[in-house]
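Visitor:
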Amino acid sequence: MPHFFAELGYRGTGDVLKREEFEARKKADREKHLNRDVAPKPLASMGKDLSSRPLLAALAAREEMVRNGKLTCIIFIRDTNARGQEVSGYIDYAHRLKVEEFEPYFEGKKKLLPRPSDLSFYNWDNATSTSNSSPNFQVLADNEAGLLFKNKRDRKVINVDPKANPGDNTTRTEIRTSEHLQVVIYDHFTRRKG
35 MPHFFAELGY
45 RGTGDVLKRE
55 EFEARKKADR
65 EKHLNRDVAP
75 KPLASMGKDL
85 SSRPLLAALA
95 AREEMVRNGK
105 LTCIIFIRDT
115 NARGQEVSGY
125 IDYAHRLKVE
135 EFEPYFEGKK
145 KLLPRPSDLS
155 FYNWDNATST
165 SNSSPNFQVL
175 ADNEAGLLFK
185 NKRDRKVINV
195 DPKANPGDNT
205 TRTEIRTSEH
215 LQVVIYDHFT
225 RRKG
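In this text, residue positions in the sequence shown follow this note's numbering: the first is 35, and each later residue adds one.
1. Could you tell me which residues DSSP pairs with threonine 114 in its beta bridges?
2. Between the alpha carbons of leucine 84 and threonine 204, how many angstroms are there, rounded?
3. Please tell me whether valine 217 and leucine 89 are closer than 8 Å, where the distance is taken between their beta carbons.
4. Thinking just about the alpha-carbon of each residue, which of Glu65, His222, Ala78 is nearest to the one in glycine 142?
5. Using DSSP bridges, identify the partner residues of valine 217.
6. Here's a check: name, in chain order, each residue in its chain whose Cβ is nearer than 8 Å to the Cβ of threonine 211, leaving out the five neighbours to either side.
7. Could you give the C-beta distance for leucine 147 and aspartate 113, rounded to a whole number, given that I count them as a contact under 8 Å?
8. Between the alpha carbons of alanine 198 and glycine 123, how many angstroms are there, rounded?
9. Going by Cα to Cα distance, which pick from Cys107, Glu137, Arg149 is closest to alanine 116?
10. Applying the criterion that 16 or more other CB atoms from any shown protein chain within 10 Å of the CB defines a buried residue, is leucine 215 buried or exposed?
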């Protein structure tokens with residue numbers, strides 16, 4: 035029925051289309067949407083020299099897998115902010131990649147720090163604390179086990195306690211760096227087929 039109305043000219047412009055014209059426009063529109071969806075976003079880390087920055091080198095090594103959904107990462111960072119206050123927090127790397135331009139970090143123009151909008155944030159100087167779930171993780175504030183994160187895709191729980199096992203399909207990697215006071219990356223492999 036919609037084809038019939040389009041052929042009769044019931045289209046926004048008022049132009050009458052023949053079936054062939056309608057089909058050609060429909061095909062061109064479909065191809066335009068396919069090309070837009072298939073074109074991979076260029077990696078923000080591509081072509082950057084990160085040899086002297088261990089955290090950024092580690093994030094660059096994970097960027098493609100994070101962008102295509104095979105890997106989710108939680109980055110723990112403890113450092114001082116621009117005001118000299120000690121802050122720490124857990125960052126959902128995939129979410130930050132999606133909502134923020136990462137090239138300035140990889141170029142060394144910006145310093146990656148936790149924010150109150152991240153999974154978890156704590157300012158040690160003024161005792162400000164926030165926690166927020168993201169599209170990939172639900173924050174579980176369990177008093178006995180401490181802070182936990184539940185992956186929303188496979189429902190596996192990531193335990194960020196350094197003395198505990200991080201959980202199924204999860205590894206904990208401490209990054210030795212002079213960029214920050216402390217950095218730990220929790221890699222959680224999801225079961226999405228590549």
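Even for Gly, the Cβ is constructed at its ideal location relative to N, Cα and C.
Guide: In terms of the structure at hand:
1. Glu120
2. 25 Å
3. Less than 8 Å separates the beta-carbon of valine 217 from that of leucine 89.
4. Ala78
5. Ile111
6. Here the set comprises Arg87, Pro88, Leu89, Val217.
7. Their Cβ separation, rounded to whole angstroms, is 6 Å, which keeps leucine 147 and aspartate 113 in contact under 8 Å.
8. Using only the alpha carbons, I get a separation of about 18 Å.
9. The residue from Cys107, Glu137, Arg149 with its alpha-carbon nearest to that of alanine 116 is Arg149.
10. exposed
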